[in-house]
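For what it's worth, the numbering used here labels the leading residue of the sequence shown as 221, then goes sequentially.
In this text, a Cβ means the ideal position worked out from N, Cα and C, and glycines have one as well.
Just so it is clear, the structure is predicted and the values come from calculations on it, not from any experiment.
Okay, structure first, notes after.
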Amino acid sequence: MSNAPTPDIQVLSTLNADGSRRWLKPKLSPGRFLNYRRAVGYLLIAFFCALPHIRIMGKPPILLDLLRREFTFFGVTLYPTDTLLLALLVLSVFLTIFFLTAMFGRVWCGWGCPQTVYLELVYRPIERFFEGAPGRKKKQGGWRKPAKLVTYLVISFALANTFIAYFVGTDDLFRWMLGSPFNHPVPFLVMAVTTFLMMFDFAFFREQVCIVACPYGRFQSVMLDRNSLIITYDENRGEPRGKKRRASKSKPTDVSLKVMPEEPALGDCIDCKMCVTTCPTGIDIRDGLQLECVNCAQCIDACDSVMDKIGKPRGLIRYGSQAAVLDGEKSRFIRPRTVLYPAIITVLFTGFLFVLITRAPAYVSVLRQRGAPYAVLEDGSVVNSVTMKVQNRRPDESLYTFSLVDLESGVVEVPGEAFTVVPRETVSRPMLLKAPSSSFPSGSRDVTIRITDNEGFEKDVTYRMMAPRFTGDGSATTRQPVDEEAGDE
Ligand code: SF4
Ligand code: SF4
221 MSNAPTPDIQ VLSTLNADGS RRWLKPKLSP GRFLNYRRAV GYLLIAFFCA LPHIRIMGKP
281 PILLDLLRRE FTFFGVTLYP TDTLLLALLV LSVFLTIFFL TAMFGRVWCG WGCPQTVYLE
341 LVYRPIERFF EGAPGRKKKQ GGWRKPAKLV TYLVISFALA NTFIAYFVGT DDLFRWMLGS
401 PFNHPVPFLV MAVTTFLMMF DFAFFREQVC IVACPYGRFQ SVMLDRNSLI ITYDENRGEP
461 RGKKRRASKS KPTDVSLKVM PEEPALGDCI DCKMCVTTCP TGIDIRDGLQ LECVNCAQCI
521 DACDSVMDKI GKPRGLIRYG SQAAVLDGEK SRFIRPRTVL YPAIITVLFT GFLFVLITRA
581 PAYVSVLRQR GAPYAVLEDG SVVNSVTMKV QNRRPDESLY TFSLVDLESG VVEVPGEAFT
641 VVPRETVSRP MLLKAPSSSF PSGSRDVTIR ITDNEGFEKD VTYRMMAPRF TGDGSATTRQ
701 PVDEEAGDE
């Protein structure tokens, strides 16, 4: 037996005092919010499963192609070279989350987060189907648990493949699924690990993701304020809580006057704990705002049904701000953070659209050849080997040609042929730049390479040619090669 001291307060809703896991089996509380959440949740699941199969300009609406390093969002493809666009997009997304949280609390957690949606609307219903609903008679049969786990596995496998489709696209995914795992061991391993992680999460780890793993829950205390919309217990109305004493049915036996202790005036909370037993994170909302609360609204549905039964108005637990529910103030929607966030988001998103619209239709760069950046020919001229890299961002195939802008200064291009690049592909071609040694007074010189395509694109890239340092007698001394890339910012 452990000698570790046991805490006198509960430190985590999913831990017993001895540190063992407290398994939560929340009771389902039917009600209007559960109906709304089901409608939203199943719609989101259908959306999530359908999206990889839809095509916009030949690509899925969302494709985070890590292998090709392309990120497609509804017809717009971003590349790692689009650092400004990616930064503006990520900042806009984060600030939008901050803004929505300041306004509506953790509405995402309860209504949109895949963790909550799949756990509460897919995995737990399966568990109830096989093993019975918590609080009701357990369904008998040793086959039930294995059958539940097999069903979990099938669903996890399907979800894992759908999830992977967002990163590789359905074409590659189907090819892998229909082929032998030995032909593509790495994708097979990724799929197996993803399925395992889904099983681990939804069959075992469950609400722990929201309580201990998800950073968003940890940040909410700085994102919320007293006027944010959250799920709140109205303690002014509910306290002091307690069971109402029933009127005695026995008749008085004597007529002597008896001073009865005065029954304390009780609030509307009858301490039935229905809001606690239905909570998927195991907390008591009556203790106030807690980071474990994922705003699933199950406690509202539970308490509303209790209020209906005891003939009290609904809303002892309800959506409301702390200012309104606890302090009786009017909720303020206009506050510094709800004005500043949209203002900054508007600026960032406008910047994003501007950069996107004015983005060059091709990304070009000139790379110095590693190891041997130059060579001195017999006639004394210096040759630099470079690699031209072109990424076509147009929706159509383009033909690219190269020329030197400053030919009058003696640089000649050893011709590299024009080449075509299909949409969204990157092609690299070697090219030689040649110049007489006399044009390198200090061991290097700049040249300007012009890249054009057949649709009017034109881009000048300045490249620094390297040469040995020539001594007075005309012989060359070697120089340390430098890796360098010139091109788009
Ligand atoms: S469900 Fe309502 S009445 Fe019952 S304990 Fe919770 S707050 Fe009190
Ligand atoms: S306290 Fe209520 S809203 Fe929060 S997680 Fe528990 S049941 Fe859901």
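Notebook entry, point to check: Should the region 309-324 be regarded as contacting the region 391-400, the criterion being three or more beta carbon pairs within less than 8 Å?
Noted result: no
Notebook entry, point to check: Does the Cβ-Cβ distance between L546 and T452 come in under 8 Å?
Noted result: yes
Margin query: Can you tell me whether F416 is buried or exposed? The criterion is at least 16 other CB atoms within 10 Å of its CB, across all chains shown.
Written below: Looking at its Cβ environment, which holds fewer than 16 other Cβ atoms inside 10 Å, F416 is exposed.
Check: Thinking just about the alpha-carbon of each residue, which of A259, S585, T501, L306 is nearest to the one in V432?
Finding: Its Cα nearest to that of V432, the residue T501 stands out among A259, S585, T501, L306.
Margin query: Going by the DSSP bridge assignment, what does I669 pair with across the sheet?
Written below: Bridge partners of I669 according to DSSP: L624, V681.
Notebook entry, point to check: Which runs of the alpha helix (DSSP H), 4 residues or longer, sit entirely within the region 228-300?
Noted result: 252-270
Item checked: Check whether N186 and S618 have beta carbons under 8 Å apart -> Examination of residue 186 is not possible in this model, given that the chain is present from 221 through 709 alone.
Note to self: Please state the DSSP three-state secondary structure of L509.
What the structure shows: coil
Margin query: Can you tell me whether T498 sits near ligand 2, meaning its C-beta is under 7 Å from at least one heavy atom of the ligand?
Written below: yes
Check: The beta strand (DSSP E) with V586 in it runs from where to where?
Finding: 582-588
Notebook entry, point to check: Since G600 contacts S648 with CB under 8 Å, what's their CB separation in whole angstroms?
Noted result: At roughly 30 Å, the Cβ-Cβ gap does not stay under 8 Å, so G600 and S648 are not in contact.
Notebook entry, point to check: What did DSSP end up calling V642 once you bin it into helix, strand or coil?
Noted result: coil
Next item on the list: Identify the continuous beta strand (DSSP E) that holds N604 and give its terminal residues.
Entry: N604 -> beta strand (DSSP E) spans 601-612.
Next item on the list: Below 8 Å CB to CB, which residues in the same chain sit around T498 once its five sequence neighbours on both sides are set aside?
Entry: P246, K247, L248, S249, Q518, C519, D521, A522
Margin query: Given the structure, does I451 come close to ligand 2, in the sense that its CB is under 7 Å from one of the ligand's heavy atoms?
Written below: yes
Notebook entry, point to check: For R670, which of F387, L624, M685, E427 has the nearest alpha-carbon?
Noted result: L624
Check: For M419, is the classification buried or exposed, using 16 other Cβ atoms within 10 angstroms of its Cβ as the cut-off for buried?
Finding: With 16 or more other CB atoms across the displayed protein chains lying within 10 angstroms of its CB, M419 is buried.
Notebook entry, point to check: Which residues bound the alpha helix (DSSP H) around A595?
Noted result: No alpha helix (DSSP H) holds A595; the beta strand (DSSP E) holding it covers 594-596.
Checklist line | Opposing strand residues paired with P650 [DSSP bridges] | finding: Per DSSP, T607.
Check: Considering R538, what are the terminal residues of the alpha helix (DSSP H) in which it resides?
Finding: Per DSSP, R538 belongs to no alpha helix (DSSP H); it is in the beta strand (DSSP E), 537-540.
Check: Hey, would you say the C-beta of A517 is under 7 Å away from at least one heavy atom of ligand 1?
Finding: No.
Next item on the list: Kindly list the residues whose CB is nearer than 7 Å to the CB of M443, restricted to its own chain and excluding five residues on each side of it in sequence; keep chain order.
Entry: F318, T321, A322
Check: Out of F387, R457, K463, which has the shortest C-alpha to C-alpha gap to F291?
Finding: Minimum Cα distance to F291 is reached at F387.
Next item on the list: Taking 8 Å as the cut-off, decide whether the C-beta atoms of F408 and S376 are in contact.
Entry: For F408 and S376, no; Cβs fall outside 8 Å.
Check: What is the DSSP secondary structure of I503, reduced to helix, strand or coil?
Finding: coil
Check: Quick one, which of K368, P281, W363, P334 has its alpha-carbon nearest R736's?
Finding: Nothing about residue 736 can be reported from this structure: the residues present for the chain run from 221 to 709 only.
Next item on the list: May I have the straight-line CA-CA distance separating S468 from S525, to the nearest angstrom?
Entry: Because S468 sits at a pLDDT of 49, beneath the cut-off of 50, its placement in the model cannot be relied upon, and the following sentence gives the value as read from the coordinates. Rounded to whole angstroms, S468 to S525 spans 26 Å at the Cα level.
Next item on the list: Count the other CB atoms, across all protein chains shown, that sit within 10 Å of the CB of Y256; report buried if there are 16 or more and exposed otherwise.
Entry: exposed
Next item on the list: Under the assumption that C430 contacts C495 (Cβ atoms under 8 Å), give the Cβ distance between them as a whole number of angstroms.
Entry: About 18 Å separates the CB atoms of C430 and C495; that is not less than 8 Å, and the two are not in contact.
Next item on the list: Quick one: measure Cβ to Cβ for S605 and L652, integer angstroms, because I've assumed they're closer than 8 Å.
Entry: 6 Å
Notebook entry, point to check: Y453 lies in the beta strand (DSSP E); which residues open and close that run?
Noted result: Unbroken beta strand (DSSP E) run through Y453: 450-453.
Item checked: Nearest to L373 (by Cα), restricted to the options N403, E351, A412 -> A412
Next item on the list: Assign P280 to one of two classes, buried (16 or more other C-beta atoms within 10 Å of its C-beta) or exposed (fewer than that).
Entry: Result: buried.
Notebook entry, point to check: Is any heavy atom in ligand 1 found nearer than 7 Å to the beta carbon of K493?
Noted result: Yes, the Cβ of K493 comes within 7 Å of a heavy atom of ligand 1.
Next item on the list: Work out the CA separation of G352 and T382 for me, nearest whole Å.
Entry: 29 Å
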